[in-house]
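Chains as they are written, first to last, in my numbering: chain A, 2 to 317; chain B, 822 to 1139; chain C, 10 to 333. Cβ atoms here follow ideal geometry from the backbone N, Cα and C, with glycine treated the same way. First comes the structure, then the notes that go with it.
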């Protein structure tokens, strides 16, 4: 049991210990999440300010093919003589947009199905969960390749595909949460008072499952970015959008390895890794914080301590 | 010599920011073989913490002071190290919510026999025979030892948990709310079983509960805890008919009576925070008989008859 | 004897229905493809007769429901059509690369399972220590690396110093020397090391994190406290109670991921030019070889479904609660 939990269990519950901790308190208590959030803010700024802070354009040839990293080009040049640092800055926007919107599609589709399924239960629940189960076993990457190669190469398609592949996880998770919330007294009371289903869902169910949805969305963005780089790497990315995934693919495709041009591959991959890791740090910390089962461990390496009896007079 | 004696037991928990929570603030208990002591109090009063301390099952954030004597020997002195050899062989426990007290993927019999093997009391066939005996002692057919916990009903699981606690023939049994999760009929059966077993085997039992009628039914003695301290302890009869502490009286008044002669009165207010030192009597803000010294001076320990103790400024009963 | 055979039956039925759904989805997906199949044929030498033959083979001259029935029937009998590129039956064309992929994937997965599970358990046991933090951070890091990029990094920075080949499955000149089975096996293994290591490292991160949190959940259960109260040592508690309970959900995950890994090998095999099922699919994509793509998708989906079914069976053996 964590000291905080004990305190909550033993100190009589007052209004302020019962209230949900705000975001900053969560970040303060979880350095892992705070570091992740900080990294993401930096990258978000880069993505927003991209066109203004990038030294060169994303299609602008400024030097020799695979020019080595040097003074005006700290990360070198790619196979077309384009400044890698500038590409990286321009790519941040595309990569993050794909990640966020892809995750959003998954969350909207999965969340809606999960809430409907969990809230109404019964036959509808059965049917929806069967469908979800079928989708759950489809190998994501392969499905993606098939769909991408049929539908054609565009950012919009990639976003839709990512949503299609990942909504199932979301639906399952939200459903089980909603099922728990549905049984709570205030929901029953609202139902007895004749509140409409939509109202109950929006006012009572959604706020309860929202923290979990947010934590999962964060993890989902990481998956979406991962998937975008994978699709791009297989040559199915949007040819007009220089995402980080496309940069890795380009480096590989144009034999950066044989040229020894590590700078064409290492920076975009590192950028992807850092962003995904930041999302994972934030997401897993939030997930752990929301999982009460992880707080207690009965297996102990250290034990309680013995100490001398307190001074009787001082205690009185 | 007492089967179990607890002397001036304190438990603190570390809190974030270097603060501490004084959960158990010096309690004394003594039980003879065959005695059943009901440890009652509101949730958060430290009763569960106290019996976990007696088993040495507290988390690392806890620190403990005082003595826990089994047949005169202090088992707490060396912390976990001196505690472990006594666990289950001398002092065993029935946990709250037997639902989860059993590992779901091992058979019930396997888990009952586990401490036998650890203590070197029985193994193999002998352990199986002993397990069957134990199950039959609590009214379950011995053949059911090869079943898994999920195949048992709630009441049966609690019976099996009691059988498990008795495996190594301990002298002291601690029971933490053993009947809370069960329905009323089953509650009564489990309680009856515990009473019968303590009588037959001469066990000393501490029954932790917030349910006062349960104590009246099943226990010979009772100890009322409030804010980490013992408010009053004595025989069940004494506490019921001649309470010395207003809290004891108010607890009884807060309990619905089958005869329905008195109106049920709840106790207003909430227990004090235990992470700050209390001045005077911790119950003073809620007490209907508080007077002068209660707010400033800690109540002394007083006794009227042997074994009937209280911490209260009032003289002459509540 | 537990009366749980109805459970097995139901899981088997579920697997069968899922396969049918996958087949149907496959049909729908490829019908959505722009133009008819033959227009996607890019082989210059394809004659009109050949195109007509392909149309007839797929029944493209019939109605949609008819086409669907024909497709299901043909698929059920193992006829997945012919590759546009090689004109060979798809199933046979897929089998060879699958045979190359399986040992490589198994090698990597075994590495990840043995190390990831061990580290996850140790990490949960020693929660909050340096060991725990190191394994959580390294797990998170590995889990966050893009697979294809990790593979490229191994080529850049590990292949040279270790003297390992970075491409293909065997040394093409070795066959001429006819050196016997031992050097050939060594050569094969050497080609397998880097792709397998990539899979291994990626999965290792994931398995470590999952095992750790599963173990932590188990350690918070009441029966662990009971075990402690019974005087069991930490090691006995882990071995007798925590391990089995925490590994139960992981077994399913591992089996499920085994199915996915086969498809996930696409990225790795592309980087290492390793002639497995992944590279085959990649080539089918670039060559717009739809029958191969369709067949590959079906094969991989079925393998996931089968792994899923195996996991269900294993769960049935390991968890006494599974009867209903």
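Inset, instruction - Could you tell me the distance, in whole angstroms, from the CA atom of residue 45/A to the CA atom of residue 254/A? - result: 29 Å
Legend entry - Anticipated Cβ contact below 8 Å, residue 150/C with residue 278/A, distance rounded: 6 Å
Legend entry - Opposing strand residues paired with residue 846/B [DSSP bridges]: BP columns for residue 846/B point to 831/B.
Legend entry - Beta-carbon proximity list for residue 822/B, same chain, < 8 Å, skipping 5 on both sides: When the five nearest sequence neighbours on each side are left out, the beta carbons in the same chain lying within less than 8 Å of the beta carbon of residue 822/B are those of 892 and 893, in order along the chain.
Inset, instruction - Keeping to the same chain, check which residues put their C-beta closer than 6 Å to that of residue 333/C; ignore five residues upstream and five downstream. - result: Note that residue 333/C scores 48 on pLDDT, short of 50, meaning its location in the model is unreliable and no value can be drawn from it.
Inset, instruction - Look up residue 884/B in the DSSP assignment and say whether it is helix, strand or coil. - result: strand
Inset, instruction - Can you tell me which of the three DSSP states residue 1136/B falls into? - result: Here residue 1136/B sits in coil by DSSP.
Inset, instruction - Assess, as a yes-or-no matter, whether the stretch 1033-1042 of chain B is touched by the stretch 1092-1106 of chain B under the definition of 3 or more beta carbon pairs within less than 8 Å. - result: no
Legend entry - Cutoff 8 Å: residue 301/A Cβ touching any chain B Cβ: yes
Legend entry - Contact check, residue 171/A vs residue 217/A, beta carbons under 8 Å: yes
Legend entry - Assigned secondary structure, residue 1010/B (DSSP; H/G/I helix, E/B strand, else coil): It is helical.
Legend entry - residue 334/C - DSSP class collapsed to helix/strand/coil: No answer is possible for residue 334/C: it lies beyond the span of chain C, which begins at 10 and ends at 333.
Inset, instruction - Answer with yes or no whether the minimum CB distance from residue 247/A to chain B is below 8 Å. - result: Answer no: the Cβ-Cβ gap between residue 247/A and chain B never drops below 8 Å.
Legend entry - Check whether residue 224/C and residue 129/C have beta carbons under 8 Å apart: For residue 224/C and residue 129/C, yes; Cβs fall inside 8 Å.
Legend entry - Those runs of the beta strand (DSSP E) which lie wholly inside the stretch 135-210 of chain A and span at least 3 residues: none
Inset, instruction - Specify whether the stretch 239-249 of chain A and the stretch 169-183 of chain A touch according to this definition: at least 3 beta carbon pairs, one from each stretch, less than 8 Å apart. - result: no
Legend entry - Simplified DSSP assignment, three categories, for residue 177/C: coil
Legend entry - Residue interval of the alpha helix (DSSP H) (run including residue 903/B): 901-904
Legend entry - Partner residues on chain A for residue 27/C, Cβ-Cβ distance less than 8 Å: 134, 135 and 138
Inset, instruction - For residue 1020/B, collect the residues of the same chain with a Cβ closer than 7 Å to its Cβ; drop the 5 residues on either side in sequence, then sort them by chain order. - result: 855
Inset, instruction - Report yes or no: is there a C-beta of chain B within less than 8 Å of the C-beta of residue 90/C? - result: No - not a single Cβ of chain B is within 8 Å of the one on residue 90/C.
Inset, instruction - Could you confirm whether any beta carbon from chain A is found closer than 8 Å to the beta carbon of residue 962/B? - result: no
Legend entry - residue 147/A: contacting residues in chain C (beta-carbon distance under 7 Å): 38, 302 and 306
Legend entry - Proximal chain C residues relative to residue 263/A, where beta-carbon distance stays under 7 Å: Result: 165.
Inset, instruction - Please find out if some non-hydrogen atom of the ligand GTP comes closer than 7 Å to the beta-carbon of residue 990/B. - result: As for the ligand GTP, it is missing from this structure, which has no ligand bound.
Inset, instruction - Please compile the residues from chain B whose C-beta is within a distance smaller than 7 Å of the C-beta of residue 235/C. - result: 916 and 922
Inset, instruction - Could you name the residues of chain C that residue 926/B contacts, counting a contact when the two beta carbons are closer than 9 Å? - result: 250, 253, 254, 257, 327, 328, 329 and 330
Inset, instruction - Under 8 Å by Cβ, that's how I've got residue 40/A and residue 266/A pegged, so tell me the actual separation to the nearest angstrom. - result: The Cβ separation is near 21 Å, so there is no contact.
Inset, instruction - Report the residues of the stretch 893-915 of chain B with a CB closer than 9 Å to any CB of chain A, ordered along the chain. - result: Answer set for the stretch 893-915 of chain B: 897, 898, 899, 900, 901, 902 and 904.
Legend entry - Where residue 296/C falls: helix, strand or coil (DSSP): coil
Legend entry - Given 8 Å, three or more beta-carbon pairs between the stretch 243-250 of chain C and the stretch 207-214 of chain C: no
Inset, instruction - Please decide whether residue 149/C counts as near chain B, where near means a Cβ-Cβ distance under 8 Å. - result: no
Inset, instruction - Just the chain C side, please: which residues come within less than 8 Å of residue 296/A by C-beta, in chain order? - result: 229
Inset, instruction - To the nearest angstrom, report how far apart residue 1191/B and residue 14/C are at their CA atoms. - result: Nothing about residue 1191/B can be reported from this structure: the residues present for chain B run from 822 to 1139 only.
Legend entry - Nearest candidate by alpha-carbon position, reference residue 147/A, set 318/C, 330/C and 301/C: 301/C
Inset, instruction - Please decide whether residue 886/B counts as near chain A, where near means a Cβ-Cβ distance under 8 Å. - result: yes
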